[in-house]
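Here is the structure we will look at, set down as structure tokens.
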Amino acid sequence: MPSYRGKRKRKWLLLIAALILYGEIQTLYSVSSTVAQNPSLNPPVLPPVLFADRGDRKAYLCWDPCPEAAFGKLRGYRVFIRRGNSWAPIATVSPDRTEWTVTGLENGKTYTFTVAGLLRNGAETERSRSVDVKPTPLSSPTLQTGAVSLSFGPYHEAVSHGVVVRWADGQSIVFDEDIARWRDWQAADGQHLLYPTPYGNGIDMVKMDVHGFPTIPQKTKDHPWLGDAYTVDYTSPARDLHDRTFRGLVSSHIDGERVTFESWLPVEDTGWARWTAIRVWQTFWPIQKKIGETLYIGLARKIEVFVPSYFKWGYQICLNDGFGPEGERKNVSLYYAHFHSAGIVDFSPSWDITQPMAGTPRRGAGYHADPGCLQAIPMGFLDWGSGNLIFVARQLYHCAHIQFASYPEEGHNGVWPNLAFDCGEAGRRFVVDTVYYLYSSPKISRDFPPVPQRYTDAQLHFLWRNARTFGFKPAFLTASVYTGTLDGQRLAKVGLLPFAKQLAKVWHRNSIDAFAFWHDFWLSQPYSVSSKYLHDPNYGANKEIAMMCRQLKEEGIQPVFWMRGELLTMSLPLALSDRFWGGDPRAEEYQQFPCGAPYLEQFGAKRVREHAEEWIRRDKNGEWPKDTPYGWVPMSMASGWFDDQLYPALRMGRLLGFDGILVDGGFGGLEGVDYTPLLEGQTKEAIPCQPYWWRFYRTAAWLGYRLWGECTTAWLGGFVAGAGIQHDMPDLWWLSVGNSYDRPSFVDEPTLEHRAFELAEMSPGGMLDGLGGNFLAALSEHRLSEWKDLPASFRQELATAIEFLKKYGPPKRIIFVNLRPSGTKTCTPPSNWFTGSHDASFTYQAWQWDGVVWVTQDGRHVPYPSTP
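With the working numbering as the guide, the letters of the sequence shown map in order to residues 1252 to 2119.
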């Protein structure tokens, strides 16, 4: 599995050790075990993802649409309410509509809702997960219009035409009518949290490049990190668009405690600027959440747009706002955990700092799944000691980029999350997303623990939220290893059943309960075999694979196979050849059940070649893609590639007995738009990639798989090939992401402290490195008696973790016992990665604690066995 940055040598075996599989979490879909074990030959149209908010005698419902709607497969959606033991339909809406407000409800009474998609063939999808709403009396905010003076911190700003909105909970905002952006947010404790000086537009619409990715961002004196924009710079109070001059605000209105600002956003393309604009709706309302024991009071901000159908080739919607106490960056630190790194970034210095992640803000990993979006990491977290601010996107239907930066060298203050959403919808009004801005301080929350506790509470809270929302089943790793090459020919010589029998004995003895096969089976390369393999569980090697899975599972070993969805693991010339020899070692050398080479030599990748123009992601001009990750072919996840190859392989894997998928490149986001369906005349617009990436994962979960891969932590999935925290660390105490083959922190080297999830060193060269390959070699060379078990202390540690996790399940919360400061330390960021030309160090607060209490899902507090 090549690393995202391509720095790692190819390694072909993943051994997952001590993988703890729990019982099902709350049922999210009405899927019976029969359906899961014997699914249809056709992929299901999964239900919408439903969200709800309370109102005064009403309930606000909204949902992520079924991605199949873009292809005309839906005729609408139907909303249901629970009445007794049955569901009653209360509304039917068009396929372009994804919201419904239920009125006439009784305050204080709990109502339960669900929604289903209506298919063109007359059938319904399964119903979405149900949501509960308890309407409550709410006070409408007050609105005051006119000139507003903003005087706080170092700022003295004048807003000529402003709208001051004041809510009953003490929060207020100032919305600037002229430039259609909020200029001030005063929290319930009186703290001003928004940088008030305009820097670029409040919202921008950015172009996609020829490949379908956001154009490369730049930062200037005029705007923050931003790609090539359609939007006209309108930071001046009045925009002169030749034939007319107008203010941004069109109207504002109140609905209960919600306030909506409707505005124009002027745009231009190919030199046309006159009379050209998009419509934007920004709806604000107050929210409260208790995360752990900390109360957060903040605002929800729903962004809707109407883009003329001319812009059917896709675009990015960017939110440009800076935040901090009194609108400043002073003492503000970002805490983050990420695929390649985890760390603390101090934004106080007087030079530009950009959070170290892959790429630049608002730009992800291209054709490769994206590690830096809110689908892959659950939140953004800023802290300044006396307060903290959390950023979360709710719907996550569009790839949601987040990467923090400061701009002092451009003359601006605050810390900017640089939120951006990749969209393709044109010719209709739609919801981009709803952003939660959650703020807490000692004045707001009686319980305001030290930042390690608050960060960990928030991380777990949003991990669980995303897992439940999208239907992912939690799987936790206590140890894993990335080993050397698995010799497929050697495995074929040993035989699957002898291998499985011996493996089960040894793994059980060493407290290891899962094995992930790399490229050994056709399931990882379904294009390399006859289509009979995808449809007949008794065909060819399928019978032997099924027997192997049964053998492993009888001994308590969970079988897992490798799969990659967004990329075809061969070059474009080979994919388009009717026959070839060589060039695909996965199918020829490592895949031996059956060997893929004979089929490819005779037929090539037949199904891919026959549907190349439909299945392969093409450039806007119709040309084939270039400069792709690893020289592989990017595939359209919205095409028959999913229906014809991926879904049948997933389905057959379950029928053969596999319990999990090792998702190489398994990040939660896929950026940009896909031009292929538009080029083929299947859709009216370029389609955002993210919904179809979600469909792949949601379908796998629907089939009953546990999903493991590189960075599935945002869904409470297992994390392989290293750990972001290989252990809970005394300095970097957050829950895992990051990869240990690149050192996971900028803050010293991690040391073993208390390991709550992952109990063993998991990087190459660690205790388990090479274990699987060494075992196979010993077995094939008839010297298995020489193969050494893991050290007794290590086996005991794994066994303890297994028993503990089986008994108590995944934690709702982790409490650090006697959490306290342990002095300050100095961090020197390597290679000036995010400090530009500045050589800089900063100090940070280190922490220590005496143990961890595991809060179970039913509320029990159980001390976790510490292993210092």
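We put the CB at the ideal spot given by N, CA and C, even for glycine. The model shown is predicted, which means the values in this text are computed figures rather than measured ones.
Check                                                                                                                                                                                                         : Outcome
Considering just the uninterrupted stretch of the beta strand (DSSP E) at Trp2105, what are its terminal residues?                                                                                            : Gly2102 to Val2106
Taking a contact to mean a Cβ-Cβ separation below 8 Å, would you say Pro1318 touches Tyr1943 in this structure?                                                                                               : yes
In whole angstroms, give me the CA-to-CA distance for Gln2108 and Arg1380.                                                                                                                                    : 19 Å
Going by Cα to Cα distance, which pick from Leu1550, Arg1957, Val1518 and Tyr1587 is closest to Tyr1561?                                                                                                      : Val1518
Candidates Ile1912, Tyr1784 and Lys1694: which alpha carbon is nearest Ala1765's?                                                                                                                             : Ile1912
Is the separation between the beta-carbon of Gly1623 and that of Gln1646 shorter than 8 Å?                                                                                                                    : no
Between the C-alpha atoms of His1462 and Met1888, what's the straight-line distance to the nearest angstrom?                                                                                                  : 15 Å
How many angstroms separate the CA atom of Ala1367 from the CA atom of Gly1373?                                                                                                                               : 12 Å
Helix, strand or coil: how does DSSP classify Trp1418 here?                                                                                                                                                   : coil
Skipping 5 residues on each side, what residues in its chain have a beta carbon closer than 8 Å to that of Asn1793?                                                                                           : Tyr1784, Asp1787, Met1903 and Leu1907
Rounded to the nearest angstrom, what separates Leu1747 and Glu2054 at their Cα positions?                                                                                                                    : 29 Å
Please look up how many angstroms separate the CB atoms of Phe1574 and Leu1516, rounded, as I've assumed it's under 8 Å.                                                                                      : Incorrect: roughly 22 Å between the Cβ atoms, too far for contact.
Given that a residue counts as buried once 16 or more other Cβ atoms are within 10 Å of its Cβ, and exposed if not, what is Leu1292?                                                                          : exposed
Considering only residues of the same chain and omitting the five flanking positions on each side of Ser1243, which have a CB-CB separation below 8 Å?                                                        : A question about residue 1243 goes unanswered here, because the residues of the chain that appear run from 1252 up to 2119.
Nearest-angstrom Cα distance between Pro1298 and Glu1579?                                                                                                                                                     : 43 Å
Going by CA-CA distance only, name the one from Asp1520, Gly1549, Trp1526 and Gln1606 that's closest to Tyr1566.                                                                                              : Asp1520
Between which two residues does the beta strand (DSSP E) harbouring Arg1680 extend?                                                                                                                           : Arg1680 to Ser1691
Thinking C-alpha only, which one of Trp1667, Gly1549 and Asp1420 is nearest Ser1584?                                                                                                                          : Trp1667
Just to check my reading of the structure: Ser1890 and Pro1939 have Cβ atoms closer than 8 Å, yes? What is that Cβ distance to the nearest angstrom?                                                          : Their Cβ separation, rounded to whole angstroms, is 14 Å, which puts Ser1890 and Pro1939 out of contact at 8 Å.
Quick one: what's got a C-beta closer than 8 Å to Thr1611's C-beta in the same chain, skipping five residues either side?                                                                                     : Ile1467, Pro1468, Trp1476, Thr1605 and Gln1654
Assign Glu1428 to buried or exposed, taking buried as 16 or more other Cβ atoms, counted over all protein chains shown, within 10 Å of its Cβ.                                                                : buried
Using 8 Å as the cut-off, can you tell me whether the segment 1861-1875 makes contact with the segment 1771-1779, which would need three or more C-beta pairs spanning the two stretches below that distance? : no
First and last residue of the alpha helix (DSSP H) that includes Gly1904?                                                                                                                                     : Tyr1898 to Leu1907
Is Pro1845 buried or exposed, if buried means 16 or more other CB atoms sit within 10 Å of its CB?                                                                                                            : buried
Could you tell me the distance, in whole angstroms, from the CA atom of Pro1488 to the CA atom of Phe1464?                                                                                                    : Residue confidence for Pro1488 is low, a pLDDT of 40 falling below 50, so the modelled location carries little weight; the figure read from the coordinates is stated next. So the two alpha carbons sit approximately 32 Å from each other.
If you follow the beta strand (DSSP E) that Tyr1784 is part of, which residue opens it and which one closes it?                                                                                               : Counting along the chain, Tyr1784 falls outside any beta strand (DSSP E), though it belongs to the alpha helix (DSSP H) covering Lys1783 to His1786.
Between which two residues does the beta strand (DSSP E) carrying Thr2121 extend?                                                                                                                             : Because residue 2121 is not part of the residues shown, which for the chain are 1252 to 2119, the question remains open.
To the nearest angstrom, how far is the alpha carbon of Pro1340 from that of Tyr1311?                                                                                                                         : 16 Å
Tell me, please, which residues DSSP counts as bridged to Asn1639.                                                                                                                                            : Asp1634 and Ser1691
Which residues mark the beginning and the end of the alpha helix (DSSP H) in which Lys1756 is found?                                                                                                          : Leu1747 to Arg1760
Contact between the segment 1741-1759 and the segment 1797-1811: three or more CB pairs below 8 Å?                                                                                                            : yes
Could you check what DSSP says for His2112 in three-state terms: helix, strand or coil?                                                                                                                       : strand
Measure the C-alpha to C-alpha separation of Ile1542 and Arg1705 and round it to an integer number of angstroms.                                                                                              : 8 Å
Kindly confirm or deny that the segment 1657-1675 and the segment 1342-1358 touch, where touching means at least three C-beta pairs closer than 8 Å.                                                          : no
Check whether the Cβ atoms of Glu1817 and Asp1621 lie closer than 8 Å to each other.                                                                                                                          : no
Could you please give the first and the last residue of the uninterrupted beta strand (DSSP E) stretch that includes Thr1343?                                                                                 : Ser1337 to Val1344
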